[in-house]
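Numbering (my numbering), first residue to last: 10 to 620. Working notes for the structure below.
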Amino acid sequence: MPPPPPNGLLPFPSLTLFTSLAASFSASSFPIYFLVPAFPSLSFSLPYPPFSTTSCLRPSLPSFAPYFFYFLSFPAHTHPLFGRGLCLSEACVTVASQMVEAMDRSADPCQDFYQFACGGWIRKNPLPDGRSRWSTFNSIWEQNQALLKHLLGKMDRWRFEAERKTQSYYLSCLNTQKIEELGAQPLMDLITKIGGWNMTGPWEKENFMEVLKVVSGPYRAQPFFSVGVSADPKNSNSNVIQVDQSGLFLPSRDYYLNKTANEKVLVAYLDYMVELGMLLGGERSSTQLQMQQILDFETALANITVPQDQRRDEEKIYHKVTIAELQLLAPAVDWLDYLSSSLSPLDLNDTEPVVLYAREYLQQVSDLINKTDRSLLNNYMMWTLVQKSVASLDQRFENAQDKLLESLYGTKKSCTPRWQTCIGNTDDTLGFALGALFVKATFDKHSKEIAEEMINEIRSAFKEALDRLSWMDDQTRRAAKDKADAIYDMIGFPEFILDPKELDDVYDGYEVSDDSFFQNMLNFYNFSARVMADQLRKTPNKDQWSMTPPTVNAYYMPTKNGIVFPAGILQAPFYAHDHPKALNFGGIGVVMGHELTHAFDDQGERFLLST
């Protein structure tokens, strides 16, 4: 299912939820709950939204570099006046200094404890220009990016093919001279190859199904609806085709429907659409008219799109049908033809099961397609491909994005150093190969063992808390404890990334060069489509990760009853092996507790130990 509209970076939750299982931490929709919600992106889906970009003028930030780049372990020294409980190691003294600097001791803790505890940090970290938020998550991600830049920059020879592809992709993104030289031509050539776009030139392909199959198959655009392959929520031992609502460019349906409150955004969005159309060869008046029609069509889609707050109950939105039944429900699309094309070379027939998460929406979007002019449908489908592709084009397209982002979030992308953008894009495409470099530099076996021990201690505390809940009967208490014991944890990274042959196999078939960023992007869309198709006839892999190792985030998987903590978040100040234990529990320990409680919130509770 697609991510929900952005609702901000989540603060650490209160541990009081250990004693209130009915509350929900979830900020993202089924089937995976992320600590920091995913955001719709104008280009790739980054660990942090591209809308929150880096300032041209870097403010002073708390530095955790001593922990990030190396760890120095010293025996705990003691002070004779305070006994053996006082830690005077280098790590303890450094962290204590940072904590004191983060406080505002002029504030009365009884009146404003947050200001007392965090006021110093807020004062020393003003919101950077071009950012809509700033937190320790952002700070750690920037440090992770800086290390990855260093590792990629010093690589003068490759030990295996996945490393070569990673560096080549990164270098192709950095090669702005080549990108500027090519301008809009790569995308214009792609449009011509597909059959043209009424907006910018002759339109040759009137066949609705042919255009739909091309833009949403090998190029992974998602007009009208999204299609994926994942574990069946009702049978986690089997993968299944899954179809859901999709098709809106703006982050939420509310932007389209609440026109009074969002007039500024809608005007900026239309201006953005027109500017892109003209950059691709369109004439202003004709482009303005046709883009307005596309915006009106997206508004019609928004009208039938189900709000995210009505989609939290998986039992209500889950519908398993056959392709034949889907055809009767939404006849505007030839579903067997479409899915066979998207999942080629698999052999599908009318009895193939499909899980729908938006049954009523699909029925209504079918009606909308049938009553809409074919020229407008073609324009809209091509627009979904264009908006997905512009991030790999020249500076003119980035400038157009900036205007829209400023209207949406008050932020700009243009101040982001190019290398940071390219690290994020590389993480999106070759994140596990990039993660292998990151893990070797930052994460050792000892850190993984300590994290495992912490999870087990938090799990034990959680089960003890269950015994104190007077409202829970014994049968439910036993079931809750059994589920807590069965939670499967994955720490740091998947083991395969440290095996060069396995890592090469993962990216086998993905062609990468260092001189064509746009082509590398297209190749990745094609590659990911083939990987998706390959999963359908396979048994779901319990150890499969949905985040790359450098990511500063964590998540819970209800279908697997698993929690995942990438190496990227297991960094100071959240975690360091030479920190006092209490600090690690107050940092990454809270994240661990947060993810564990997802197993018992209003969505996780619907899944048993195994489904």
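Backbone N, C-alpha and C define an ideal beta-carbon position, used for all residues, glycine too.
With a 10 Å radius around its C-beta and 16 neighbouring C-beta atoms as the bar for buried, classify L259 as buried or exposed.
To locate residue 259, count along the sequence shown from 1; it is residue 250. Counting Cβ neighbours within 10 Å, L259 comes out buried, since at least 16 surround it.
Please state the DSSP three-state secondary structure of S525.
Translated into positions along the sequence shown, residue 525 becomes position 516. S525: coil per DSSP, three-state reduction.
Which word fits L507, buried or exposed, when buried means at least 16 other C-beta atoms lie within 10 angstroms of its C-beta?
Numbered from 1 along the sequence shown, position 498 holds the residue referred to as residue 507. Flag for L507 reads exposed.
Helix, strand or coil, according to DSSP, for V363 in the structure here?
Sequence index remark: in the sequence shown, residue 363 carries index 354 (1-based). Here V363 sits in strand by DSSP.
Enumerate, from N- to C-terminal direction, the unbroken beta strand (DSSP E) stretches of 3 or more residues contained entirely within the stretch 187-252.
Under the rule that a run must span 3 or more residues, the beta strand (DSSP E) segments found entirely inside the stretch 187-252 read 234-241.
Tell me whether M6 is buried or exposed, calling it buried when 16 or more other Cβ atoms sit within 10 Å of its Cβ.
This structure cannot settle anything about residue 6, because the visible part of the chain is limited to 10 through 620.
Just checking my contact of I303 with A341 at CB under 8 Å: how many whole Å lie between their CB atoms?
Position 294 of the sequence shown, counted from the start, is the residue given in the question as residue 303. Position 332 of the sequence shown, counted from the start, is the residue given in the question as residue 341. The pair is not a contact, with the Cβ atoms about 18 Å apart (cut-off 8 Å).
If you follow the beta strand (DSSP E) that K329 is in, where does it begin and where does it stop?
Your numbering for residue 329 matches position 320 in the sequence shown. In this chain, the beta strand (DSSP E) harbouring K329 covers H328 to T331.
What does the alpha-carbon distance come out to for the pair P58 and D482?
Counted from its first residue, the sequence shown places residue 58 at position 49. Counted from its first residue, the sequence shown places residue 482 at position 473. Legend: pLDDT at P58 = 34, less than 50; position of this residue unreliable, value from coordinates given subsequently. Spanning the two alpha carbons is a distance of roughly 43 Å.
Q254 by DSSP, collapsed to three states: which one?
The count along the sequence shown starts at 1 and reaches residue 254 at position 245. Correct three-state label for Q254: strand.
contact_flag[the stretch 144-156, the stretch 356-372] where n(CB pairs < 8 Å) is 3 or more:
No, the stretch 144-156 does not touch the stretch 356-372.
Which term fits C431, buried or exposed, when burial requires 16 or more other beta carbons within 10 angstroms of its beta carbon?
Along the sequence shown, read from residue 1 onward, the residue named residue 431 stands at position 422. Around the beta carbon of C431, 16 or more other beta carbons sit within 10 angstroms, so the residue counts as buried.
Under 6 Å Cβ to Cβ from L161, same chain only, skipping five residues before and after it: list those, please.
Residue numbering aside, residue 161 sits at position 152 when the sequence shown is read from its first letter. The beta carbon of L161 sits closer than 6 Å to those of Q176 and Y179, all from its chain and outside the five residues before and after it, given in chain order.
At the level of alpha carbons, what is the spacing between R615 and R320?
Along the sequence shown, one-based indexing puts residue 615 at 606. Along the sequence shown, one-based indexing puts residue 320 at 311. If I take the Cα positions, the gap works out to 14 Å.
From the DSSP secondary-structure annotation, give me the bridge partner or partners of V573.
Here residue 573 refers to the residue found at position 564 when the sequence shown is read from its first residue. According to DSSP, which records beta bridges pairwise, V573 is partnered with M499 and Y564.
Is the beta carbon of I500 closer than 9 Å to that of L605?
Within the sequence shown, the letter at position 596 stands for residue 605. Within the sequence shown, the letter at position 491 stands for residue 500. Against a cut-off of 9 Å, the Cβ pair of I500 and L605 comes out as no contact.
Simplified DSSP state of G598, which is helix, strand or coil:
In the sequence shown, counting from the first residue as 1, residue 598 sits at position 589. Here DSSP, grouped into helix, strand and coil, assigns G598 to helix.
Check the C-beta distance from I578 over to V561 and give it rounded, since I have them as a contact under 8 Å.
Looking up residue 578 in the sequence shown gives position 569. Looking up residue 561 in the sequence shown gives position 552. At roughly 5 Å, the Cβ-Cβ gap stays under 8 Å, so I578 and V561 are in contact.
Cutoff 8 Å; reference G598; Cβ partners in own chain excluding five residues on either side
Locating residue 598 in the sequence shown gives position 589, where the first residue counts as 1. Annotation for G598: M463 and I467 place their beta carbon closer than 8 Å to its own, counting only its chain and skipping 5 residues before and after.
Residue from V220, L191, Q429 and H588 whose Cα sits closest to the Cα of P232:
Here residue 232 refers to the residue found at position 223 of the sequence shown. Ranked by how close their Cα comes to the Cα of P232, the residues V220, L191, Q429 and H588 have V220 in first place.
Report yes or no: do three or more beta-carbon pairs, one from the stretch 307-327 and one from the stretch 204-216, lie closer than 8 Å?
Too few Cβ pairs lie closer than 8 Å, so no.
Please state whether DSSP places S98 in a helix, a strand or coil.
Here residue 98 refers to the residue found at position 89 of the sequence shown. Here S98 carries a coil assignment [DSSP, helix/strand/coil].
Residues in its own chain within less than 8 Å of V224 by CB, not counting five upstream and five downstream?
The residue labelled residue 224 in the question sits at position 215 within the sequence shown. Once the five neighbours on either side are set aside, the close Cβ partners of V224 are I203, A230, P232, M390, M391, T393 and L394.
Span of the alpha helix (DSSP H), counted from its first residue to its last, around W428
Counting from 1 along the sequence shown, the entry for residue 428 is found at position 419. Where W428 is concerned, the enclosing alpha helix (DSSP H) stretches over R427 to T451.
Give me, in chain order, the residues of the same chain whose beta-carbon lies closer than 7 Å to that of A442; leave out the 5 immediate sequence neighbours on both sides.
As a first step, residue 442 is located in the sequence shown; it is residue number 433 there, counting from the start. These residues qualify, in order along the chain: A171, E172, K174, T175, L512 and Y516.
Answer yes or no: do N246 and V238 have a C-beta to C-beta separation smaller than 9 Å?
Here residue 246 is taken as the residue at index 237 of the sequence shown, counted from 1. Here residue 238 is taken as the residue at index 229 of the sequence shown, counted from 1. Cβ atoms of N246 and V238: not closer than 9 Å.
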